[in-house]
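*Asks:* There's a structure below that I have some questions on.
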Amino acid sequence: MYPDELKLFPQQLVDLLKTYSTTLSKEMRASLLRALILLRNKNLIKPLDILELFFQLLRCPDKELRKFLQNHIINDIKNMNAKQKDMKVNSALQSYMYSMIKDSNPRAAKMSLDIMVELYKKNIWNDSKTVNVIASVGCFSKITKVLVASLKFFLGTDEEDESDSDSDDNEPDLKAAMMANRVSKKTKKRTKQLENVKKLYKKSQNKKKKAPTFNFSAIHLINNPQGMAEDLFEQLKNGNERFEVKLLHLDVISRLIGIHDLFILSFYPYVTRFLQPHQRQVTRIMQFAAQASHELVPPEVIEPINKTIANNFVTERNFK
1 MYPDELKLFP
11 QQLVDLLKTY
21 STTLSKEMRA
31 SLLRALILLR
41 NKNLIKPLDI
51 LELFFQLLRC
61 PDKELRKFLQ
71 NHIINDIKNM
81 NAKQKDMKVN
91 SALQSYMYSM
101 IKDSNPRAAK
111 MSLDIMVELY
121 KKNIWNDSKT
131 VNVIASVGCF
141 SKITKVLVAS
151 LKFFLGTDEE
161 DESDSDSDDN
171 EPDLKAAMMA
181 NRVSKKTKKR
191 TKQLENVKKL
201 YKKSQNKKKK
211 APTFNFSAIH
221 LINNPQGMAE
231 DLFEQLKNGN
241 ERFEVKLLHL
251 DVISRLIGIH
261 DLFILSFYPY
271 VTRFLQPHQR
281 QVTRIMQFAA
291 QASHELVPPE
301 VIEPINKTIA
311 NNFVTERNFK
């Protein structure tokens, strides 16, 4: 390589992609990106320059490109921090992502948030700055997908958790396998198959026994939990999001109140009005009321919730 001769070349490629990213052909854009990555691997371009460009390119209407950029950004930041964390570059990138999560392009904003969450999960950006960017920007985004993903981040749930919900359908049927082995002619192959089914069954049962874990660490890193809870509550009361998103709000607010011993006294009468037998997800709403109850909340504030539950859900048959 010729570093002196190539001194201006990386920036020329960056400027070219910044200016014509949406008008360049798919093939040309990919070729320029590969050239930039090669230059980055040779340390001929600063990581901040190329990563900022890649974040901007998330606005491109090219799904394959966006997925490629997402993976590259995560891996590049991971490799940068492999030996020791570069606080200066990390801080600059986090500040830049603050603006990207606020981006008017829904795809770019959501993918920027996904990258930040993934870096947090990989213990690369597991600091308070990352958490508070998501808390202050993501949780109040006008883009519903960004809002939902941010709220789920503080609940410790994501798409991977939800994918486990159908695991029961894939659970090996041990009884059926044993019956088939009993009535069929025994062969080495069938015996081996039965052993494999037994192992899979045992593994699935062990997985069931494990208690679900929730990532509360992010909630503990919020700089202003009282302010966040109050703002989320206002957003909940004044917003018109679908019912599932309202439940996410209630869940996050109640956990903030319970974990940080916060005071939002108007939260309790708000929850009380949903404690009706016909209400969808009423047991979850009861859970939110319990989560938001701590020893510093005045008893007279909690009492109406207890009375409502007693009047609406407790009958003489409960005591028979």
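UniProt numbering applies: residue 1 is where the sequence shown begins, and numbers increase by one. Glycine residues also receive a C-beta, built at the ideal position from the N, C-alpha and C atoms.
#1: Please determine, among 144, 69, 20, the residue with the shortest C-alpha to C-alpha distance to residue 236.
#2: Please report the distance separating the alpha-carbon of residue 113 from that of residue 195.
#3: Using alpha carbons as the reference points, say which of 66, 242, 61, 223 lies closest to residue 54.
#4: Give the list of continuous alpha helix (DSSP H) stretches no shorter than 4 residues that lie fully inside the region 262-312.
#5: How would you write the range of the alpha helix (DSSP H) that residue 68 sits in, first residue to last?
#6: Is it right to say residue 56 is buried, meaning 16 or more other beta carbons lie within 10 angstroms of its own, or is it exposed?
#7: Whole angstroms is fine: what's the gap from residue 146's alpha carbon to residue 70's?
#8: What number of angstroms, rounded off, separates the C-alpha of residue 252 from the C-alpha of residue 271?
#9: Suppose you measure from the CA of residue 99 to the CA of residue 62; what does that come to, to the nearest Å?
#10: Just to confirm my understanding: we take residue 149, look at its own chain, exclude 5 residues before and 5 after, and list those with CB closer than 6 angstroms. What are they?
#11: Relative to the C-alpha of residue 152, which candidate in 82, 244, 30 has its C-alpha closest?
#12: For residue 94 and residue 133, which I take to be in contact (beta-carbon distance under 8 angstroms), what is that distance rounded to the nearest angstrom?
#13: Pick helix, strand or coil for residue 314, following the three-state DSSP scheme.
*Replies:* In terms of the structure at hand:
#1: Nearest of 144, 69, 20 to residue 236, Cα basis: 144.
#2: Straight-line measurement puts the Cα of residue 195 at about 44 angstroms from the Cα of residue 113.
#3: Nearest C-alpha to residue 54: 66.
#4: 267-272, 282-291, all fully within the region 262-312.
#5: 63-80
#6: buried
#7: 16 angstroms
#8: 13 angstroms
#9: Between residue 99 and residue 62, the C-alpha separation is close to 21 angstroms.
#10: The residues are 113.
#11: Looking at the Cα atoms, 244 is the closest of the given residues.
#12: 6 angstroms
#13: coil
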